[in-house]
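All remarks here apply to the structure that follows.
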Amino acid sequence: MVSLKLTTLALAALHTLGAIAQIPEGLSVEDVEELPDEVASDPEDNSKTPNLAVDIATSFPDAEVFGVKLVNGRPTRAILDVSNNEPEAVNLMVVGGSLTTPVDALGAPDPPVVLRNLTTQRYGVQIPAGEKETLTYAFVNEMHPQDLRLSIAAVLQNQEGNVF
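For reference, each letter of the sequence shown is one residue, going -21 to -1, 1 to 143 in mature numbering (1 follows the signal peptide of the UniProt record, and there is no 0).
See below:
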């Protein structure tokens, strides 16, 4: 009896989904206009991409010989060495990160999947032209043991207000 009820429910749901997926009257597949993809048309064209002459080197002072090990409940510290090579000062607005599945690992999803977003920390530090600033970014992790990829990103702003 339960099987009959579930089958009836499944058929009703299938009928509803079929009605939603219909093409409206007066429109055919041939009438759909394909728009050009500007990004894919010339992926090597860097003239449209704004660049900022800032170098950021990241180190982990508490790392082991075999790499960074994230321990549950213990803060992981990353030291960011930011070198401003711009002719004007830049502002380091925020730093954040994410933990994703490893790239090119056996059985890992392709493309990598974000498993956890890390804490975003606001800095608002102005780095003068030609100067270097050292900042600390710390985060705490609570996950099951596994191999992950750690990505850390910084948001910078130049004097014109452009965000990078």
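We put the beta carbon where it would ideally sit given N, CA and C, even for glycine.
Since the model is a prediction, treat every value here as computed from it, not as a measurement.
Close Cβ partners of residue i (< 7 Å) along its chain, the five nearest in sequence each way excluded
i	result
LEU(-5)	In this predicted model, LEU(-5) has a pLDDT of only 45, less than 50, meaning its place in the structure is not dependable; the value taken from the coordinates is given anyway. None.
SER38	ILE58
ASP34	SER62 and ASN64
PRO124	none
GLU43	none
Cutoff 8 Å; reference residue i; Cβ partners in own chain excluding five residues on either side
i	result
VAL(-20)	Here the model assigns VAL(-20) a pLDDT of 46, short of 50, so the residue's position is not dependable, and the following value carries that caveat. Same-chain partners within the cutoff: there are none.
ALA(-3)	The pLDDT assigned to ALA(-3) is 49, lower than 50, so where the model puts this residue is not dependable; a value taken from the coordinates is nonetheless given after this. Nothing listed; no residue qualifies.
TYR102	LEU71, MET72, VAL73, VAL74 and LEU114
Cβ pair residue i, residue j closer than 8 Å
i	j	result
VAL69	ILE106	yes
ALA133	LEU71	yes
ASP126	PRO81	yes
ALA108	GLU67	yes
PRO29	ASN141	yes
Distance between beta carbons of residue j and residue i, contact taken as under 8 Å
i	j	result
ASP117	THR55	Residue 117 is actually Ala in this sequence, not Asp. Confirmed, Cβ separation roughly 7 Å.
VAL47	LEU129	6 Å
VAL104	GLU112	6 Å
GLU121	GLY52	7 Å
Own chain partners of residue i with C-beta closer than 6 Å, once the 5 adjacent residues on each side are dropped
i	result
VAL50	none
ASN96	SER77
VAL119	PRO54
VAL92	THR80
Terminal residues of the beta strand (DSSP E) in which residue i lies
i	result
THR80	Premise fails: THR80 is in no beta strand (DSSP E) and is neither H nor E.
ASP34	33 to 38
GLU112	111 to 118
LEU129	128 to 136
GLN105	100 to 106
ARG53	Run containing ARG53: none; DSSP gives neither H nor E here.
VAL93	93 to 96
Min CB distance residue i to chain C below 8 Å
i	result
ILE35	The chain inventory of the structure shown lacks chain C, comprising one protein chain alone.
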